[in-house]
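Structure, as structure tokens:
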Amino acid sequence: MTKALVAIGAATVNVLTTWLAEQSSPPLPIVWIGSHAQDFMSEKVRAYIGKIQYETTNHVVGEYGELIYLQRGQTFLADDERVTQDRICLQQALSKFDDVYILSNLGGGTTSHVTPYVANIIVEKDPLMQVILTMPAKLEPRSRHEKAQQAFTVLQQTCPILHVVTNSGEREQSLVETFAKRDILLAQLLNKLLC
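Just so we're aligned: the sequence shown equals residues 1 to 195 in my numbering.
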């Protein structure tokens, strides 16, 4: 079985950076999916996949994984040509793996639309697929909570195993402190599940 970690959205960048700082090299292939060009182009994100073997404007393949830039992450459920191209790229990248863990911080437009779509593709090949996710902190806007809840409802129906990481005491913390604590908790969970 070919195992992989599929990390979705900009919020996973710090989680992966924290987790990979403890590794000499990624313990399994990483497929990072995002809709922010600055993350897709950053050296920090590109370091996750090692030496680059192939690159286009929205897809990079390296020795340890792949990066996929979604042109339409916020409107991923729309019917237009760019979304169709994004979906084809995702399906091709995901077809290589049959033991998959998904990492996602729900609430953003990309994560809330793309995570259920990716899970639906993967669960057909990996009926024991595991999703590691967070819901928005209490301090975040209501719109993020609504998007996250919609995605979570779909994931509950699709995925056999969901790991939901929350922060205790977040009322006393700033968003920066809440996110930093969440990133550390997620990195620790990745260590337990994948290393």
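For every residue, glycine included, the Cβ atom is placed at its ideal position computed from N, Cα and C. Given the structure is predicted, the values throughout are model-derived calculations rather than measurements.
The Cβ-Cβ distance between Asp183 and Asn14 falls below 7 Å. Residues Val60 and Val61 of the same chain have their beta carbon placed closer than 8 Å to that of Tyr54, with the five preceding and five following residues left out of the count. At a Cβ-Cβ threshold of 7 Å, Val31 and Glu63 do not count as neighbours. Leu20 and Ser35 have their C-alpha atoms spaced approximately 22 Å apart.
Annotation: the continuous alpha helix (DSSP H) that includes Ile122 extends over Gly109 to Lys125. Counting only the Cα atoms, Gln71 lies some 7 Å from Asp86. Taking a 10 Å sphere around the C-beta of Ala148, we find 16 or more other C-beta atoms and assign the residue as buried.
A Cβ-Cβ contact shorter than 7 Å links Val100 with Ala4. Per DSSP, the beta bridge partners of Lys3 are Asp99. Thr134 is bridged by DSSP to Asn105 and Val165. Beta-bridge pairing by DSSP links Glu55 to Val60. Between Ser174 and Pro136, the alpha-carbon positions lie close to 13 Å from each other. Per DSSP, the unbroken alpha helix (DSSP H) holding Glu177 starts and ends at Leu175 to Leu194.
Boundaries of the alpha helix (DSSP H) harbouring Leu155: Arg142 to Thr158, taken from the DSSP string.
Ala93 and Pro160 have their C-alpha atoms roughly 22 Å apart. Within the DSSP secondary-structure output, Trp32 pairs in a beta bridge with Ala7 and Leu67.
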